[in-house]
Structures are given as structure tokens and as C-alpha cells.
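Data block below; observations after.
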Amino acid sequence: MKDIKKLLDEAIKKIEEAKVLIVQMKKEETLLHGSSMLSKDVKKLELQTRVYNCLKNEGLHHIGDLIKRSDSEILRIPNLGIKGRQEIKEALSMIGLDLNMENVKSYKVKKL
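Using the numbering used here, read the sequence shown as starting at -12 and increasing by one per residue.
See below:
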């Protein structure tokens, strides 16, 4: 019985490690090949209308603009609040991004 438990524990540990690696790979892939993702409208994140409107009113039109902002900067956006910030963070994490990503500070939106 101890052997089975040990095997299960090891398997669970490997799965958790794999999940972390997948998230890291998604972030790297997005940064390497993601300039097109960064120039996409925040509407592509499929946020609630209220959250989207708050970002639009703040002048955050592109995903690249959004990920440069810190948590505290996002919380200062009028009418957004903690739930709105959490929704943004969850949507960004689905594409391997997060708020306050320092390595994209030089990002510029390309006009099409």
C-alpha cells in the first residue's frame, strides 16, 4: 500500500511540474511570437462589457498596453475594482501573460 501511495505522490508531483512548465512555455511562446498578440485589441480577451469599457476609457486599447500596467495601476482605474482586476489577470493567464511584464516595456503598437 505504501508503494502505491508513493507512486501516486510521485505522479502528482510530476503532473504539477508539467503544469508549471506548460505555463512557462506559453509565456515564452507569447513573448517570442506574440507581438501580434500584444497588438490585438483588449476585446479579444473576452472580458465583461463593464471591464472592457473601463479599460477603453482609461486608454488601454491593446493587450500590450495592458500587460505593462501593475496591479496597483489597474486597481486605480475608475469603476474597475478587485473583481475586474481578477478577471483581467485570469484572461491574461489563459494566453500566458500577466500584468506588470517588465520585458515588454519597449512594445509599440503597429498601425495596420
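Note that CB positions come from ideal geometry on N, CA and C, so glycine has one too.
Every value quoted in this text rests on a predicted model; they were computed, and no experiment measured them.
Where residue i falls: helix, strand or coil (DSSP)
| i | result |
| --- | --- |
| D58 | helix |
| D28 | strand |
Inter-residue spacing [alpha-carbon to alpha-carbon] between residue i and residue j
| i | j | result |
| --- | --- | --- |
| A78 | V29 | 10 Å |
| M24 | K6 | 22 Å |
| I9 | K1 | 12 Å |
Contact set for residue i: own chain, Cβ-Cβ below 6 Å, skip 5 residues either direction
| i | result |
| --- | --- |
| K13 | G83 |
| L(-5) | none |
| D58 | L86 |
Close Cβ partners of residue i (< 8 Å) along its chain, the five nearest in sequence each way excluded
| i | result |
| --- | --- |
| G68 | L62 |
Any C-beta of chain E under 8 Å from that of residue i
| i | result |
| --- | --- |
| E33 | Looking for chain E here will not work: only one protein chain is present. |
Option nearest residue i by Cα separation, candidates the options
| i | options | result |
| --- | --- | --- |
| S26 | Q35, L32, A(-2) and H49 | H49 |
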